[in-house]
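Those sequence lines, one after another, are chains A and B.
The opening residue of the first sequence carries number 1 in the numbering used here; numbering runs sequentially from there.
The opening residue of the second sequence carries number 1 in the numbering used here; numbering runs sequentially from there.
2 protein chains.
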Amino acid sequence: MTSRSRESGSPNDLGIIAPKGAQSIQRAALLLRAIAGHNRSGLRLVDLVDISGLEIPTAHRILKALVAENLIKQNLTNRRYFLGPLMFEAGLAATHEFSLRDLCQESLQRIADRTGDTVFLNVRRDYEAVCIERKDGSYPIKVFSLNVGDRRPLGVGAGGMAILSNLRESEIFSISNHIAALLPRYGKLNEKLLLSLVKRSQERGYVLHKVSGLGGGKAVGYPIRNSSGEPFAALSIAAITSRMGTARCAKLVAILRKEALNIERIITQRDVSKSPVLGNRYN
Amino acid sequence: MTSRSRESGSPNDLGIIAPKGAQSIQRAALLLRAIAGHNRSGLRLVDLVDISGLEIPTAHRILKALVAENLIKQNLTNRRYFLGPLMFEAGLAATHEFSLRDLCQESLQRIADRTGDTVFLNVRRDYEAVCIERKDGSYPIKVFSLNVGDRRPLGVGAGGMAILSNLRESEIFSISNHIAALLPRYGKLNEKLLLSLVKRSQERGYVLHKVSGLGGGKAVGYPIRNSSGEPFAALSIAAITSRMGTARCAKLVAILRKEALNIERIITQRDVSKSPVLGNRYN
DNA sequence: CGATTACATTCCACTATATGGAAACTTACC
DNA sequence: GGTAAGTTTCCATATAGTGGAATGTAATCG
Chain A
1 MTSRSRESGS PNDLGIIAPK GAQSIQRAAL LLRAIAGHNR SGLRLVDLVD
51 ISGLEIPTAH RILKALVAEN LIKQNLTNRR YFLGPLMFEA GLAATHEFSL
101 RDLCQESLQR IADRTGDTVF LNVRRDYEAV CIERKDGSYP IKVFSLNVGD
151 RRPLGVGAGG MAILSNLRES EIFSISNHIA ALLPRYGKLN EKLLLSLVKR
201 SQERGYVLHK VSGLGGGKAV GYPIRNSSGE PFAALSIAAI TSRMGTARCA
251 KLVAILRKEA LNIERIITQR DVSKSPVLGN RYN
Chain B
1 MTSRSRESGS PNDLGIIAPK GAQSIQRAAL LLRAIAGHNR SGLRLVDLVD
51 ISGLEIPTAH RILKALVAEN LIKQNLTNRR YFLGPLMFEA GLAATHEFSL
101 RDLCQESLQR IADRTGDTVF LNVRRDYEAV CIERKDGSYP IKVFSLNVGD
151 RRPLGVGAGG MAILSNLRES EIFSISNHIA ALLPRYGKLN EKLLLSLVKR
201 SQERGYVLHK VSGLGGGKAV GYPIRNSSGE PFAALSIAAI TSRMGTARCA
251 KLVAILRKEA LNIERIITQR DVSKSPVLGN RYN
């Protein structure tokens with residue numbers, strides 16, 4: 001339907017240049033990201049067609065190629081696609097370069113211990129927020145709204161909203177415009193509603209979201225900024241609504257803020273001490 | 001095994017079908033694997049051209065596309081390519097599916113503790129052996145011939161040779177033929193020499209290899225078999241030559257054999273108890 | 001249980017996309 | 001400052017990728 005806006009070689013609003021002569025790689029990566037973002041349930045061909053906007057035969061052919069390369073695999077009983085062994089192995093190879101997750105371990109554990117609820121560490125990746133770590137507390141009713149590796153458009157979850165709502169106005173519009181088409185997949189979300197949630201979060205100074213999906217659940221989110229002040233990641237806590245009264249929320253936010261600042265301090269120190277080997281250090 | 005192979009792409013003999021209409025994805029994956037296999041040093045464009053056999057502009061264009069998709073990144077001071085953040089994040093998402101590494105932790109630790117040397121866990125992936133875990137012992141002179149994530153043609157290292165030399169004759173020839181062109185990159189290896197090393201390993205019942213590269217070092221390797229008896233992974237130990245006399249090697253092999261059997265037992269148990277959700281369970 | 005629907009896969013004619021030779025550009029190295 | 005090694009861009013060409021349509025297959029229903 002909506003033909004992909006692919007001006008050859010022209011930069012889009014986030015400085016991400018779509019190169020010419022790489023259509024199929026772009027498409028393959030699109031499918032790969034979609035699968036990576038739903039890897040515990042896997043995705044069917046139709047799902048991937050829906051998400052990607054590709055034609056059925058095109059998606060199918062690319063998926064077949066990705067399977068042949070071990071980048072994904074297909075469960076032959078339910079036809080669903082999952083990440084493949086090569087992805088796992090390459091992930092191991094890449095681990096040492098991406099240290100944010102490691103650096104946050106103690107913070108996350110402290111939060112989980114202190115609150116009893118489930119904590120998430122999200123990082124921004126272009127228009128998405130990726131969950132890269134989760135720790136659950138001791139409270140017996142868990143709200144596992146996200147699995148490690150899950151990807152959602154920025155602003156959909158509490159963590160993503162914490163990032164989005166702390167960006168520059170112009171970037172917020174650019175992003176919300178970019179992800180608009182995907183929002184209806186999440187609750188009855190749309191661009192207008194998203195922007196109003198952004199505004200509310202900005203006024204409040206933190207994020208308080210209903211957890212989309214079944215049952216009652218709420219989540220609070222707080223951003224983590226890099227040395228330039230840009231929010232590039234976020235902490236969030238999810239719990240059942242009954243544990244998310246106004247007073248307790250304030251307490252949770254205070255804990256998140258404290259640990260976020262803590263992480264920012266650690267990162268800044270390392271940034272200074274460590275030679276800048278590669279472009280962006282923590283993502 | 002109906003292989004309907006057109007002239008494009010080489011029809012290979014391992015049942016891995018090269019799909020039609022996916023040339024560029026195949027090539028992208030080739031580059032991705034190469035980078036994943038050398039991710040601590042990174043690779044330059046020329047290296048990748050050399051390894052892949054692609055034309056320079058073709059490789060360059062594909063790499064640019066992969067960078068744009070966050071699958072790889074380029075260090076702009078030395079132009080080298082490394083795995084990108086998406087690869088790391090997807091690796092996290094995939095982790096829960098690939099449990100071999102976890103299952104082997106105790107075994108590897110025991111070996112490292114008992115020997116004081118460096119232990120490696122390798123798994124077979126088509127024509128390559130991938131190092132998915134490493135544990136170093138207490139002995140102060142370390143032989144880190146491999147980093148986690150490194151990939152080499154089957155048979156090049158002790159682990160890979162332990163796998164290769166335990167495969168069916170026909171498969172050995174098929175593989176050695178396939179990787180022949182890549183062998184000169186590793187010491188002064190070639191197909192003939194490789195096959196003679198296979199024979200020697202088969203006669204000995206285990207692998208004893210010189211570690212290619214600088215300085216003196218040797219490694220012993222032993223295969224891990226799945227419930228069908230196929231060697232799909234391997235354990236190996238590397239140390240300086242002076243620690244690799246005949247007597248000690250025999251001792252090391254005994255330790256490896258014991259732990260390999262141990263791992264095989266664990267895997268078989270899980271294979272039985274666990275429902276076969278996805279195709280191949282441990283890789 | 002045969003009909004209907006949802007989803008997956010294959011076919012193939014067409015053309016937009018990827019290709020690679022050549023050349024320009026940008027460092028690195030005497 | 002001149003040569004070489006490596007990187008990046010250009011562009012005419014044909015080949016690899018595309019997608020509409022048809023076929024195959026597995027669930028769902030009346």
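Glycine included, C-beta positions come from ideal geometry on N, C-alpha and C.
Just so you know, these numbers come straight off a predicted model, no measurement behind them.
With a threshold of 6 Å on Cβ separation, who are the neighbours of residue i within its own chain once the five nearest residues in sequence on each side are excluded?
{"i": "B/Arg151", "result": "Gly37, Glu128 and Val130"}
{"i": "B/Asn226", "result": "Phe232"}
{"i": "B/Gly116", "result": "Gly137, Ser138 and Tyr139"}
{"i": "A/Gly187", "result": "Ser212"}
{"i": "B/Val49", "result": "Ile56 and Ala59"}
Mapping the DSSP letters down to three states, classify residue i as helix, strand or coil.
{"i": "A/Phe88", "result": "helix"}
{"i": "A/Arg289", "result": "It is not possible to answer for residue 289 of chain A, since the shown part of chain A is limited to 1 through 283."}
{"i": "B/Asn122", "result": "strand"}
{"i": "A/Glu259", "result": "helix"}
{"i": "A/Val130", "result": "strand"}
{"i": "A/Pro140", "result": "coil"}
{"i": "B/Lys20", "result": "coil"}
{"i": "B/Leu76", "result": "coil"}
{"i": "A/Gln63", "result": "The question names Gln, but residue 63 of chain A in the sequence shown is Leu. Note: A/Leu63 maps to helix in three-state DSSP."}
{"i": "A/Leu252", "result": "helix"}
{"i": "B/Ser275", "result": "For B/Ser275, the predicted model reports a pLDDT of 43, less than 50, meaning its position is unreliable; a value from the coordinates is still stated below. It is coil, neither helix nor strand."}
{"i": "A/Arg265", "result": "helix"}
Select from the options the residue whose C-alpha is nearest the C-alpha of residue i.
{"i": "A/Leu167", "options": "A/Phe232, A/Leu71, A/Val211 and A/Leu45", "result": "A/Phe232"}
{"i": "A/Arg204", "options": "A/Val211, A/Tyr222, A/Gly21 and A/Lys192", "result": "A/Tyr222"}
{"i": "B/Val211", "options": "B/Leu189, B/Thr77 and B/Ser24", "result": "B/Leu189"}
{"i": "A/Leu71", "options": "B/Phe82, B/Arg33, B/Asp47 and B/Ile62", "result": "B/Arg33"}
{"i": "A/Ser236", "options": "A/Leu195, A/Ser228, A/Tyr139 and A/Leu121", "result": "A/Leu121"}
{"i": "B/Val123", "options": "B/Gly160, B/Ser201, B/Lys73 and B/Ile25", "result": "B/Gly160"}
{"i": "B/Gln26", "options": "A/Val67, A/Ala59, A/Ile141 and A/Leu30", "result": "A/Val67"}
{"i": "B/Lys135", "options": "B/Val46, B/Ser24, B/Leu48 and B/Asp102", "result": "B/Asp102"}
{"i": "B/Ala180", "options": "B/Ser170, B/Gly155 and B/Arg125", "result": "B/Gly155"}
{"i": "A/Ser41", "options": "A/Thr95, A/Ile267 and A/Leu83", "result": "A/Leu83"}
{"i": "A/Ser24", "options": "A/Leu48, A/Asn39 and A/Ala65", "result": "A/Ala65"}
{"i": "A/Ile224", "options": "A/Gln202, A/Arg110, A/Arg257 and A/Ile240", "result": "A/Arg257"}
{"i": "A/Leu146", "options": "A/Ala238, A/Ala260 and A/Ala29", "result": "A/Ala238"}
{"i": "A/Val148", "options": "A/Leu54, A/Ala254, A/Val119 and A/Lys73", "result": "A/Val119"}
{"i": "B/Ala162", "options": "B/Leu182, B/Val253, B/Lys192 and B/Phe98", "result": "B/Val253"}
{"i": "B/Ile141", "options": "B/Ala260, B/Arg243 and B/Lys251", "result": "B/Arg243"}
{"i": "B/Ser196", "options": "B/Leu182, B/Arg185, B/Gly216 and B/Glu169", "result": "B/Glu169"}
{"i": "B/Ser201", "options": "B/Ala158, B/Asp126 and B/Pro85", "result": "B/Ala158"}
{"i": "B/Arg125", "options": "B/Leu194, B/Ile175 and B/Ala22", "result": "B/Ile175"}
{"i": "B/Thr246", "options": "B/Ile35, B/Tyr206, B/Ile266 and B/Ala260", "result": "B/Tyr206"}
{"i": "A/Leu182", "options": "A/Ala29, A/Ile51 and A/Lys20", "result": "A/Ile51"}
{"i": "B/Asn75", "options": "B/Leu92, B/Arg110, B/Ser99 and B/Ile35", "result": "B/Ile35"}
{"i": "A/Gly229", "options": "A/Glu264, A/Lys251, A/Arg185 and A/Ala29", "result": "A/Glu264"}
May I ask you to list the residues that DSSP assigns as paired with residue i?
{"i": "A/Val198", "result": "Looking at the DSSP assignment, A/Val198 forms no beta bridge with any residue, so it has no partner."}
{"i": "A/Pro153", "result": "A/Glu128"}
{"i": "A/Leu71", "result": "Its beta-bridge partners do not exist; DSSP assigns none."}
{"i": "B/Phe82", "result": "B/Lys73"}
Only counting the same chain, and skipping five residues up and downstream in sequence, which positions put a Cβ closer than 7 Å to that of residue i?
{"i": "B/Ile172", "result": "Leu164 and Val198"}
{"i": "B/Asn262", "result": "Ser107"}
{"i": "A/Leu208", "result": "Lys218, Val220 and Cys249"}
{"i": "B/Leu54", "result": "Arg27"}
{"i": "A/Met87", "result": "Leu71"}
Grab me the residues of residue i's own chain with a C-beta within less than 8 Å of its C-beta, minus the 5 sequence neighbours each way, in chain order.
{"i": "B/Leu45", "result": "Ile56, Ala59, His60, Leu63, Arg79 and Tyr81"}
{"i": "B/Thr268", "result": "Ser227"}
{"i": "B/Glu7", "result": "Annotation note: pLDDT 29 at B/Glu7 (below 50); position unreliable, no value reported."}
*With a floor of 4 residues, list each alpha helix (DSSP H) that falls wholly inside the region 160-240 of chain A, ordered by position along the chain.*
Counting whole runs of 4 or more residues, the region 160-240 of chain A contains the alpha helix (DSSP H) stretches 169-179 and 191-204.
*Starting from the N-terminal side, write out each stretch of the alpha helix (DSSP H) that is 4 residues or longer and does not extend beyond the region 94-123 of chain B.*
Counting only runs of 4 or more, we get 100-115.
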